[in-house]
Each structure stands twice: as structure tokens, then as C-alpha cells.
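Engineer: In our numbering, the protein residues as written are 586 to 944.
Glycine residues also receive a C-beta, built at the ideal position from the N, C-alpha and C atoms.
Encoded structure:
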């Protein structure tokens, strides 16, 4: 693959109520932020899954921000996707492909297979102890055989086709379409050694992602998010939702104020985090976790990291997707307010940088 003159990568995160674009260039063989843009799709209106609206918004964003890159990496939401982790014994490529498709049938009804696009990757391999001597593998004198961990991803074919159609119309080159969870983990954790839970709090969906050494081991999404913060502020203070939205982003610390607002939906998030951890580790002990990382627009709610830290008794911090790229630090006053909103877009663009490095 020729990369000369093509060392610029666009991460395009199409959310439920906003679109974020990040442009990353290769500078001294490192990823550097060269431009970014964000636009709201409308305050708390219907979910928009319309490539014509996306096309008009993105085209306008690219022109107004003077973004010149053409290599596009686009996200699709985890709420309409399936991510499954399972193990298979080592086998030939032909048998392996068939085995993965067989496993996929366990999670996806046959009637729905035509409506999804399936992809998979081997993410880890290890030796499993054999309970009995295996006569079919006499060469394995250490009484063990290798298995591999596979991550299976199934995404809506309709959503993927809409993205491809939209990108073509605005004269960008579609390089990859990726479920948002993978992009968020790439920008927030990368290849860091450690065990983390990423809690990506979006406008209407919360993604809970368990990560070990940079690899997603489990994920779950629930229907709560920034809209619930706005609704609770509105109901508690008896104000309309537009005023409540302004209060939400004002920097007010609702967790330590006299307003008496109780964000009860966060208790649901805490409960779901515990479920994800217990289902994977089979224990309620979470001492082996290195921390909880908060991301997404709602992570900007002042004091929210202390809430999770107190509720789960584990270190919690706001994720910083800018930590893995170079940028002009004069932008810190601006980016510090919005950086959690760009986790997915930055992660998408970083995929382009990784492909450039591995060319």
C-alpha cells in the first residue's frame, strides 16, 4: 500500500446527537492533532440515522474547519452492534473460519445473519491443560494444547452501508468502519498494561467496557446518559429542559450543592459495572482493577468521578484521549472542556496512524 502524501487521518464519530471530527497528521513519526470540529444535530430530538443529514453536516464541518484530509475512519454505535469473546482450539485457517461462523450462530439468529456484517480477530492465545491424555495429539507431551481467544463483532449492514454511501458522496476515502468501543479504548488506554473499566457516558447510551492490557474482554450498554442528567435537573428544579441543559454544562457541582438533586440513574450504572465484573471474573472482589476511566460528554459533569470512586471504592478518573497525541497546548483552555467528547473520534484517527506505522 502506498502512503506517500497520505499521512493524514480523519476520525469521524457520528453520535446520536452530535458529530465529532478529528484530523491527525504524522509529525516526526508521531500522531499530532491538526484540526477538529463538532456540531450538534439538534437538542434532544429524534435519533438521526440519515446519511443525507450526516453528509450535509460533515461536508459543512470539513469546509468551515478547513479540514483537508481524505482518509476517513468512521464509527458505528455499540448499541446496534454485538461484541462477543470466546475461545477456540488452534486449527487450520479453513476449519477456524467455519468454527467462528458456527459460534456466531449461537449469538445471532440465522434469520438475522443477512442483516449484519460479521468480522473477527484472534486477540490472545494460551495453553489449556488437558484433563485426559489426547491420543490425537501425541506430540503434546506437556499434556496441554493451545486455544485462542476470538473477539467477534457483528454490526448492522444497513448502518454500515449508510456510512459508506455518505463518505463516498463527500469525496472521502473510506478506510475503515469501527464500533465505537474499540476506538474509545484505543485513545484512552492504548496498549497500557493493566485492567480498567471504561465507562463511556454518551447522550442516551452508557457503554461499559472491561479492558485487560488494552484488549476488550467484555462490554455492555445501557439506556442511560446525558439526557437523564438534563431530565433530572429539569424535574428537580422545575425548569424547562433547555435551561436544565445549560445548567448541566455550566460547571456546577451538583454532587456537592444544596440543590438536593439525586442522579439516581448513576446507581444503575454502578450496578451494571458490578455485573460486568462479576460475570467475567466470577468474584465480587475488584481489587485487581487499576481503575475506572470515565469518557463521553457526561463525564464532564463536575464531581462525577468522585461519585464512582466512592460508590465502587476504586480509583476513578476522567479519561484523556489527548494524552496519546501531540497538540498545541495553547488549546488546553478550550480542549479541557470538550476532550472527553472526542475520545471516539481521536481513537478512530489513531487507527489510521497505526496502519501507517505498520505499512
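In the structure shown, what three-state DSSP assignment does residue 766 receive?
Structural biologist: The answer is helix: DSSP assigns residue 766 an H, G or I state.
Engineer: Taking C-alpha atoms, which residue in 940, 782, 770, 868 lies nearest to residue 893?
Structural biologist: Closest by alpha carbon: 782.
Engineer: Please state whether DSSP places residue 912 in a helix, a strand or coil.
Structural biologist: Residue 912: coil per DSSP, three-state reduction.
Engineer: Reducing DSSP to helix, strand and coil, say where residue 918 ends up.
Structural biologist: Residue 918 falls in the helix class under three-state DSSP.
Engineer: Please list the terminal residues of the continuous alpha helix (DSSP H) segment that includes residue 814.
Structural biologist: Note, residue 814: alpha helix (DSSP H), 811 to 822.
Engineer: For residue 938, count the other beta carbons within 10 Å of its own beta carbon; 16 or more makes it buried, fewer makes it exposed. Which is it?
Structural biologist: That one is buried.
Engineer: Just the C-alpha distance for residue 706 and residue 624, rounded to the nearest angstrom, thanks.
Structural biologist: Going from the Cα of residue 706 to the Cα of residue 624 covers about 33 Å.
Engineer: Let me know the secondary structure DSSP gives residue 827 once reduced to three states.
Structural biologist: Residue state, collapsed to three classes: helix.
Engineer: Contact check, residue 837 vs residue 815 under 8 Å by CB: the rounded distance?
Structural biologist: With 8 Å as the limit, residue 837 and residue 815 do not qualify as a contact, their Cβ atoms being about 13 Å apart.
Engineer: Does DSSP put residue 693 in a helix, a strand or coil?
Structural biologist: Coil, per DSSP.
Engineer: For residue 575, which residues does DSSP report across the bridge?
Structural biologist: Because the chain spans 586 through 944 in this model, residue 575 falls outside it and cannot be assessed.
Engineer: If you drop the 5 nearest sequence neighbours on each side, which residues of the same chain put their C-beta closer than 7 Å to that of residue 846?
Structural biologist: For residue 846, where only same-chain residues beyond five positions count, the Cβ hits under 7 Å are 817, 818, 821, 839.
Engineer: Would you call the segment 877 to 889 and the segment 768 to 783 in contact, with 3 or more CB pairs under 8 Å?
Structural biologist: A contact exists between the segment 877 to 889 and the segment 768 to 783.
Engineer: Where do the ends of the alpha helix (DSSP H) carrying residue 879 lie?
Structural biologist: No alpha helix (DSSP H) contains residue 879, which is instead part of the beta strand (DSSP E) from 876 to 880.
Engineer: Taking residue 621 as the reference, which of 615, 903, 645 has the closest Cα?
Structural biologist: Of 615, 903, 645, the residue nearest in Cα terms is 645.
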